[in-house]
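Participant: Residue numbers (my numbering), protein chains in the order written: chain A, 1 to 255; chain B, 1001 to 1255; chain C, 2001 to 2255; chain D, 3001 to 3255.
Where a beta carbon is used, it is the ideal one built from N, C-alpha and C, also for glycine.
This is the structure we're talking about:
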């Protein structure tokens, strides 16, 4: 296998599609959002490209017994009465600094071959605490993109995210901008500790407004409820622990 | 030395051999199995290729004073009345992500040059607890391979192994499948804590049925017994420890 | 993007400029010094080159919502009545050993294209304790550079810094020297625990004398005072802690 | 700078020299031995090659103020009435797996350009305890080299060193053997905890016998005595500590 191989799985004609990226990252927000989008628009979605690379881990995933080589996958989505989409998903970021540059350039090459000139990198931004109101932070490749995104509900905060944006999402802005593409990163606030379907929903709501599609959130809300049950049980266990386990002081008292 | 060098040690004509890989991994199951196979079929085994690579650690092993450069080794085995085999063994996986891709491609190139179109990657799958019944899990490159392997005693469980298959074994499926080869990974269940000859035996039993050879397990059973003595001694020591060593509470009582 | 790309942002004619490097490092001394220089000579400074590379982290920084791809930046500074300067700043060192060599060679190529034949790599040398008198240690590519730098207040101490000089600063001396450039490293003493504007000031004072420019230190002194307040608060908290928190012995007494 | 550059510092005609390598490693045995050899045969030693490489750390060392780029150095030594020597020293191993292969091949290329067909890689083998009798273990590229080395006092022990030989020393055997050179690794036993001049002396004694040169050990013995004083002081401090510091049990008694 070459350093990078793009398998053409199918061909679909798209009209100036927007590239939407959702690879694994903080709270799996981007991945959840991109996968939910493909599932909900299933009837209009076609897997068009598989991208393999030595920059991915040397790994296969196994579903129903059949192994699948580590890859990123590109779905073409022809939204009824809306913008066409190219949705990029996968299970891995690159395994090295240089690898992120190589992969992101490959993703942009493929997207441009479908006529894309607009890029939305989806992700999460960790706040370190549980979220009540799920704000969506933005960062863009060109200043002119700020206003229309603010109209769609995105917040731009001076100097945030403080640590910048790393990985494929960051480079889609950096390298996309160098190519003259209109690239934006939409980052849902999330605690950073757990997979966060609610943050993914907030990011998708922005995208709905911006790209004029409509999807159902039933399955994402179910997953959010499951996560909340998990959180509830953990808190319950911690509560009991606080009652049952004697502290050091107690022991001294007893001793 | 080039990035990769394949030394031709001997030439043997084989009839559509099956490639069997057993490099180091979980419980050393694959390595034990492949090495046992070569030992038991010693009279029919010939070392045909040595593969050196910068992707291996910069290391020599020393047996009887003579140093041997890190390598993978390919033995041709002409099984009486059975399928010819190519058995791949060695002491190392690659040292980097990309290296695993490079090495696996080299292994497949060499195997195909001998006419191989079938690949069995042997390994272990960790369960985290001691095993009573040694099941052998399977994963394959093409759906059609599942049924004949189930007939040979392999289990296919939805979504297992959960973390996928990493390293050379995983890529033999992933890259082998891309080449159109029939590739399967046979993974013996093992605790994951110890070298596990019993798991290696379980894997070899599947291979006997599937590839129609017969071997003796005497030496492997001896090794299994040695391992059990070791485990027994550890458990004994832990048992005594529980008796002899006063706990924190005891000390407070005394104090 | 290629492995390395140099964007020409502007062209400025310089007369035998001196290259001054200040990338992140111990106490951020070099970075603080180089950035202060550009700020204070703002009217005479022009951003001339941006250097992007796969050797940098896969990262964008976000200021006012617009993402900026990881880069090193070269400013041309035409000092009134003084030597012309090329000031190299940025937010990252390389991410690998080989990457430091590649980047440093690129920095030297660009500097030589502007006619530079003199290099000053700025940095800090950690002492492990708070500094009263900020000495500036030196290391040079050619023996003849020692005397003029001693005249400018630089100290040369046998065998210091003991661990050598690592990263871009070290290679500017090593690779610069191999090119026949006059290269020096100026290292301000610093505790090594904190960002140290005072050490940056000491380094800049040497450079003022050596390269005949004059700058104001008001903003750097303010930052130094802020840092001292931070240090003071930490010491205060530690002092209180020593009073309030009962030691193990106290607890036994109480128990 | 290219990935690898060999600077010709001087030319010396040698008659079938033996390459002796002493880079940093366990107990710095090889490095101490090689450097002592060059110092003691100073009048007959000439620095002939400096090897720079991106595989070395991005680092300069600083002696008397002048920086020296990370390198390996090759000295030609014309031993009176004995074999000519090429002695390889330096401060670094490679920084990556592949780098060790690249560097070792470069070292062998240079050595062969001087007509060398014999290689001695010097190093230490850790025993984990203080040594009384300093044995020197051997490993060779070809079986025929064992007997003459045993005659020079080298011990060959089945399966030792158990972990093989890593780094440049190991590859000099592995890659040297593949080139048809006579390569041996001489490993002085050493605790593994400290720089060990006595182990270096034991290795050099073997080399004296084998290559027919004679050197003085005064300075190496002095260093050994210094090390012993250090060890003595550490043991003394540990002894006092055992007396002064009350144990947990003492504290309970007091409490």
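(1) Check for me: the alpha helix (DSSP H) holding residue 2150 of chain C runs from which residue to which?
(2) According to DSSP, is residue 3093 of chain D part of a helix, a strand, or is it coil?
(3) At a Cβ threshold of 7 Å, is residue 134 of chain A touching chain C?
(4) Output needed in chain order: residues of the segment 3120–3147 of chain D with a Cβ under 8 Å from some Cβ in chain B.
(5) Kindly identify the DSSP beta-bridge partner or partners of residue 3258 of chain D.
(6) Once the 5 residues before and after residue 3099 of chain D are set aside, which same chain residues still bring their CB inside 6 Å of it?
(7) For residue 1065 of chain B, tell me which candidate among D/3217, D/3001, D/3218, D/3162 has the shortest Cα-Cα distance.
(8) Can the beta-carbon of residue 1186 of chain B be found less than 7 Å from the beta-carbon of residue 1122 of chain B?
(9) Select from A/51, A/105, A/215 the residue whose C-alpha is nearest the C-alpha of residue 9 of chain A.
(10) Among the candidates D/3150, D/3074, D/3030, D/3032, whose CA atom is the shortest distance from the CA of residue 3011 of chain D?
(11) So residue 1006 of chain B is in the beta strand (DSSP E); what residue range does that whole segment cover?
(12) Between residue 2212 of chain C and residue 2082 of chain C, what straight-line distance do the alpha-carbon atoms span, to the nearest angstrom?
(13) Would you say the beta carbon of residue 1159 of chain B is closer than 6 Å to some non-hydrogen atom of the ligand GDP?
(14) Rounded C-beta distance between residue 191 of chain A and residue 128 of chain A? I'm assuming under 8 Å.
(15) Going by C-alpha distance, which of C/2062, C/2102, C/2092, C/2237 is nearest residue 2002 of chain C?
(16) Residues of chain B with CB under 9 Å from residue 3166 of chain D, in chain order?
(17) Start and end of the beta strand (DSSP E) containing residue 2138 of chain C?
(18) Looking at chain C, which residues of the segment 3062–3074 of chain D have a Cβ within less than 8 Å of any of its Cβ atoms?
(19) Closer than 7 Å by C-beta to residue 142 of chain A: which residues in its own chain qualify, once you throw out the five before and the five after it? Chain order, please.
(20) By how many angstroms is the C-alpha of residue 2105 of chain C removed from the C-alpha of residue 3004 of chain D?
(21) Should residue 3090 of chain D be flagged as near chain C, meaning a C-beta pair shorter than 7 Å?
(22) For residue 1202 of chain B, count neighbouring Cβ atoms within 10 angstroms of its own Cβ and tell me buried if that reaches 16, exposed if not.
(23) Between which residues of its own chain and residue 117 of chain A is the CB-CB distance below 7 Å, once the five residues before and five after are set aside?
(24) Applying the criterion that 16 or more other CB atoms from any shown protein chain within 10 Å of the CB defines a buried residue, is residue 84 of chain A buried or exposed?
(25) Around the Cβ of residue 2043 of chain C, are there at least 16 other Cβ atoms within 10 angstroms (buried) or fewer (exposed)?
(26) Could you tell me which chain D residues have their CB closer than 9 Å to the CB of residue 1223 of chain B, listed as they occur along the chain?
(27) Mind pulling the chain B residues with CB within less than 8 Å of residue 3156 of chain D?
(28) Can you look up residue 1131 of chain B in the DSSP assignment and give me helix, strand or coil?
(29) Kindly indicate if chain B contains any beta-carbon less than 7 Å away from that of residue 50 of chain A.
(30) Looking at chain D, which residues of the segment 1170–1201 of chain B have a Cβ within less than 7 Å of any of its Cβ atoms?
(31) Please say whether residue 1033 of chain B and residue 1204 of chain B have beta carbons closer to each other than 7 Å?
(32) Taking residue 87 of chain A and residue 38 of chain A to be in contact with their CB atoms under 8 Å, please state how far apart those CB atoms are, rounded to whole angstroms.
(33) Residue 1237 of chain B versus chain D: which residues are under 7 Å apart at the beta carbon?
(34) Quick one: residues in its chain with C-beta nearer than 8 Å to the C-beta of residue 2080 of chain C, no 5 flanking neighbours on either side, listed in chain order?
(35) Grab me the residues of residue 3035 of chain D's own chain with a C-beta within less than 8 Å of its C-beta, minus the 5 sequence neighbours each way, in chain order.
(36) Could you confirm whether any beta carbon from chain C is found closer than 7 Å to the beta carbon of residue 3001 of chain D?
Facilitator: So, from the listed chains and residues:
(1) 2146–2151
(2) Residue 3093 of chain D: coil per DSSP, three-state reduction.
(3) no
(4) 3138, 3139, 3140, 3141, 3142, 3143, 3146
(5) Coverage of chain D is limited to positions 3001 through 3255, which leaves residue 3258 of chain D absent and any answer about it impossible.
(6) 3055
(7) D/3162
(8) yes
(9) A/51
(10) D/3074
(11) 1004–1008
(12) Roughly 5 Å separates the two Cα atoms.
(13) The model depicted lacks the ligand GDP and carries no ligand whatsoever.
(14) 7 Å
(15) C/2102
(16) 1057, 1058, 1059, 1060
(17) The continuous beta strand (DSSP E) containing residue 2138 of chain C extends over residues 2136–2140.
(18) 3062, 3063, 3064, 3065, 3066, 3067, 3068, 3069, 3070
(19) 177, 182
(20) 14 Å
(21) no
(22) The residue is buried, with at least 16 neighbouring Cβ atoms inside 10 Å.
(23) 16, 181, 182
(24) Around the beta carbon of residue 84 of chain A, 16 or more other beta carbons sit within 10 angstroms, so the residue counts as buried.
(25) exposed
(26) Ordered by position in chain D, no residue passes the 9 Å Cβ test against residue 1223 of chain B, which lies about 17 Å from the chain.
(27) 1064, 1065
(28) coil
(29) no
(30) none
(31) yes
(32) 5 Å
(33) Within 7 Å Cβ-Cβ: nothing; residue 1237 of chain B doesn't reach chain D, min ~22 Å.
(34) 2044
(35) 3022, 3089
(36) yes
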